[in-house]
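Top line first, the protein sequences correspond to chains A and B. FYI, in numbering that gives the first Met the number 0 the residues of the first sequence are 0 to 204. FYI, in numbering that gives the first Met the number 0 the residues of the second sequence are 0 to 219. Structure first, commentary second.
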Amino acid sequence: MKKLFIIAICLFGLSPFLKAQMLNLNYQISLPMNQVKDFTDNASFRGFDLEYHHFLGEHFSVGAVIGWNVYYQDKKHTSGNFTFSGNDNIYTITGNQYRYINTVPMLAVGRYYFTDNTTAVRPFFGVGIGSSWTEKHLEVGQFSSTISRWQFAVAPELGMYIPVNDQFGFNAGVRYNYATKAANGRIPEIQSFTFNIGVIFMSAR
Amino acid sequence: MKRLLFLLLTGLFAQLMVSCYPEGADNIEDYDVAITNYDKSANFNELTTFSIPDSVVFFSNDKNATPPSHAFDAEILDVVTNNFIAMGYTKVADPTAETPVDQFPSFIVTVSAFSNVNYSYFVDNWYNNWDWYWGGWWNGPFNPYYPWYPVSVYSYRTGSVVVEMISTQQRKDNKANVLWTGIADGLLQGSDAFILRRIKSQLDQCFVQSPYLTKMNASE
Numbered sequence: 000m001k002k003l004f005i006i007a008i009c010l011f012g013l014s015p016f017l018k019a020q021m022l023n024l025n026y027q028i029s030l031p032m033n034q035v036k037d038f039t040d041n042a043s044f045r046g047f048d049l050e051y052h053h054f055l056g057e058h059f060s061v062g063a064v065i066g067w068n069v070y071y072q073d074k075k076h077t078s079g080n081f082t083f084s085g086n087d088n089i090y091t092i093t094g095n096q097y098r099y100i101n102t103v104p105m106l107a108v109g110r111y112y113f114t115d116n117t118t119a120v121r122p123f124f125g126v127g128i129g130s131s132w133t134e135k136h137l138e139v140g141q142f143s144s145t146i147s148r149w150q151f152a153v154a155p156e157l158g159m160y161i162p163v164n165d166q167f168g169f170n171a172g173v174r175y176n177y178a179t180k181a182a183n184g185r186i187p188e189i190q191s192f193t194f195n196i197g198v199i200f201m202s203a204r
Numbered sequence: 000m001k002r003l004l005f006l007l008l009t010g011l012f013a014q015l016m017v018s019c020y021p022e023g024a025d026n027i028e029d030y031d032v033a034i035t036n037y038d039k040s041a042n043f044n045e046l047t048t049f050s051i052p053d054s055v056v057f058f059s060n061d062k063n064a065t066p067p068s069h070a071f072d073a074e075i076l077d078v079v080t081n082n083f084i085a086m087g088y089t090k091v092a093d094p095t096a097e098t099p100v101d102q103f104p105s106f107i108v109t110v111s112a113f114s115n116v117n118y119s120y121f122v123d124n125w126y127n128n129w130d131w132y133w134g135g136w137w138n139g140p141f142n143p144y145y146p147w148y149p150v151s152v153y154s155y156r157t158g159s160v161v162v163e164m165i166s167t168q169q170r171k172d173n174k175a176n177v178l179w180t181g182i183a184d185g186l187l188q189g190s191d192a193f194i195l196r197r198i199k200s201q202l203d204q205c206f207v208q209s210p211y212l213t214k215m216n217a218s219e
């Protein structure tokens, strides 16, 4: 959290150099990979993010992203070994397992735009670094198990935005999310592909 | 103005930034589970015979519960007995005060049934209808503050049938020597036939997931 605060202050300090600001709201579809897929093997259609970018000249922007994705899987009639808090006995529980992963990435993003602001479509490449809060939740029968942690996150992205006029545009992109594992592996390493599609509100100064 | 809008949106976002658990169980039987636990140091191959009482012991945390009917005892005990026989054990009569120790069965099976009422509350706010998070509910019987908003209380009844294998060999610390526990657990809702069918299905599952109980020389 502190890192993000410091970055935010630096961003505001850069205000005299800023040409334009961009507020972006995206709907996201995410595909889980590797360890995320092992736990919830379904694409997430419940995701969105909010982004804020400041242009530094015509080819660079810096900004911040906060997003939210939910992965869900209903594993019918599965067996698993569990312990209950308080003792070490291992219980084998068979039933319908309802599995959820909630992730909230919070990243500082820097982007490079391949074209200047006169073209109809502006493709970009960017990298985000920050933190991601992830919660893994499993329900079986009357019982549930929840664990959540903050993880270090990195997310390169590729996309384009299509300005319609000086104040409005569309955004489309793809981002690869990576977050380190936590809690001795109980929170998995997050790897996923996210497809963004959304709208942009811009102000030019 | 734009900055204010941004801050407003972030604040709103932060309000929503709590976990979402969409979908989940739809039907009563979605909550049924079969739970087993066993003593890792037990040697099941040494066991040969067992006895089982002819009734199920009932426990309830609800003083107002109507006394349970023992009409289904026989069917439940049959399921348990047949499963143990299929695993290779032989059923013998219950030991009495006159039975010599060397003719005791290797283990005794006890079957108990629990019926508990659980109370939960949820807060039915006006914004429940459009915000998917706030429509959720949670267990909080000991919440110390007086809620400012209308609270809806509901109760549900859960039931468990617990089968235990108790060895007739004494433990050093005089505790019951429980070798294996199998539990059929679920919501106690629906018709008697519906509940009984689910109990039998979960008890069978308890044995299916305990292959270590099978005696090696069972198939002769």
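We put the CB at the ideal spot given by N, CA and C, even for glycine. Values in this document were obtained by computation on a predicted structure and should not be read as measured data.
Three-state class that DSSP yields for residue i in the structure shown
i: G20(B); result: Contrary to the premise, residue 20(B) reads as Tyr rather than Gly in this sequence. DSSP places Y20(B) in coil when its eight states are reduced to three.
i: N86(A); result: coil
i: K57(A); result: Residue identity check: residue 57(A) is Glu in the sequence provided, not Lys. In this structure, E57(A) counts as coil in the three-state DSSP scheme.
i: S202(A); result: strand
i: Y97(B); result: First, the residue type needs correcting, since residue 97(B) is Glu and not Tyr in the sequence shown. Reduced to three states, the DSSP call for E97(B) is coil.
i: P210(B); result: helix
i: Q188(B); result: coil
i: Y111(A); result: strand
i: V139(A); result: strand
i: S68(B); result: coil
i: G184(A); result: helix
i: Y37(B); result: strand
i: L76(B); result: helix
i: N176(B); result: coil
i: Y30(B); result: helix
i: S105(B); result: coil
i: K62(B); result: coil
i: N82(B); result: helix
i: N44(B); result: helix
Straight-line Cα distance separating residue j from residue i
i: S84(A); j: F59(A); result: 51 Å
i: R197(B); j: I27(B); result: 10 Å
i: S43(A); j: K171(B); result: 54 Å
i: S18(B); j: P104(B); result: 53 Å
i: S191(A); j: C205(B); result: 37 Å
i: A41(B); j: L178(B); result: 6 Å
i: Q201(B); j: N173(B); result: 31 Å
i: I89(A); j: I161(A); result: 56 Å
i: A112(B); j: S119(B); result: 22 Å
i: G197(A); j: P122(A); result: 15 Å
i: D48(A); j: D87(A); result: 41 Å
i: N23(A); j: S147(A); result: 28 Å
i: T39(A); j: L30(A); result: 10 Å
i: E163(B); j: Y30(B); result: 22 Å
i: K36(A); j: N170(A); result: 27 Å
i: I135(A); j: D165(A); result: The question names Ile, yet the displayed sequence has Lys at residue 135(A). Cα to Cα, K135(A) sits roughly 42 Å from D165(A).
i: N183(B); j: V110(B); result: Note on identity: in this sequence residue 183(B) is Ala, with Asn being the wrong assignment. Spanning the two alpha carbons is a distance of roughly 11 Å.
i: F142(A); j: P155(A); result: 38 Å
i: A107(A); j: E57(A); result: 19 Å
i: Q20(A); j: T117(A); result: 16 Å
i: D53(B); j: V152(B); result: 39 Å
i: G158(A); j: M201(A); result: 17 Å
i: T80(B); j: I65(A); result: 58 Å
i: D72(B); j: F121(B); result: 36 Å
i: N80(A); j: K90(B); result: 30 Å
i: R100(A); j: T133(A); result: It should be pointed out that residue 100(A) corresponds to Ile in this sequence rather than to Arg. Distance between the alpha carbons of I100(A) and T133(A): 7 Å.
i: W129(B); j: L76(B); result: Because W129(B) carries a pLDDT of 40, less than 50, the predicted location of this residue cannot be relied on, and no value is offered for it.
i: T91(A); j: N44(B); result: 21 Å
i: P140(B); j: L137(A); result: For P140(B), the pLDDT reaches just 44, beneath the cut-off of 50, and the residue's location in the model is therefore unreliable, leaving the point undetermined.
In DSSP terms, what residue i is bridged to
i: Y70(A); result: I100(A)
i: G111(B); result: In the sequence under discussion, the amino acid at residue 111(B) is Ser, which differs from the Gly named in the question. S111(B) is bridged to V56(B) and V161(B).
i: L22(A); result: Y51(A) and F200(A)
i: V116(B); result: R156(B)
i: F38(A); result: For F38(A), which the question treats as bridged, DSSP gives no partner whatsoever.
i: G46(A); result: N68(A)
i: Y160(A); result: R121(A) and N170(A)
i: R148(A); result: T133(A)
i: M32(A); result: Q190(A)
i: K90(B); result: F49(B)
i: I182(B); result: I34(B) and V161(B)
i: S200(B); result: In the DSSP output, where bridge partners are listed per residue, S200(B) has none listed.
Scan the stretch 113-138 of chain A for residues whose Cβ lies nearer than 9 Å to a Cβ of chain B and list them as they occur along the chain. Listed by position, the residues of the stretch 113-138 of chain A near chain B (Cβ gap below 9 Å) are W132, E134, H136 and E138.
Using 8 Å as the threshold, is the stretch 89-99 of chain A in touch with the stretch 63-79 of chain A, meaning 3 or more CB pairs across them? As far as the Cβ criterion goes, the stretch 89-99 of chain A touches the stretch 63-79 of chain A, which means the pair count is three or higher.
Report yes or no: do the stretch 118-132 of chain A and the stretch 56-65 of chain B share at least 3 C-beta pairs separated by less than 8 Å? Judged by Cβ distances under 8 Å, the stretch 118-132 of chain A makes no contact with the stretch 56-65 of chain B, as fewer than three pairs qualify.
Just by C-beta distance, which residues in the stretch 73-106 of chain A are closer than 8 Å to chain B? Those residues of the stretch 73-106 of chain A that come within reach of chain B (Cβ to Cβ, closer than 8 Å) are D73, S78, N88, I89, Y90, T91, I92, T93, G94, N95, Y97, Y99, N101 and V103.
Contact list for the stretch 29-55 of chain A against chain B, Cβ threshold 8 Å: Listed by position along the chain: R45, L49 and Y51.
Contact residues within the stretch 179-209 of chain B, judged by C-beta distance below 9 Å to chain A: Here the close residues are T180, I182, D184, G185, L186, Q201, Q204, C205, V207, Q208 and S209.
Below 7 Å between beta carbons is the criterion; list the residues of the stretch 18-42 of chain B that meet it against any residue of chain A, in chain order. Cβ contacts with chain A: S18, C19, Y20, P21, E22, G23, A24, D29, Y30, D31, V32, A33, I34, T35 and N36.
Can you pull out the residues from the stretch 174-195 of chain A whose beta carbon lies closer than 8 Å to at least one beta carbon of chain B? If the cut-off is 8 Å between Cβ atoms, the stretch 174-195 of chain A has nothing near chain B.
What are the residues in the stretch 157-179 of chain B lying within 8 Å of chain A by C-beta distance? Hits within the stretch, in order: T157.
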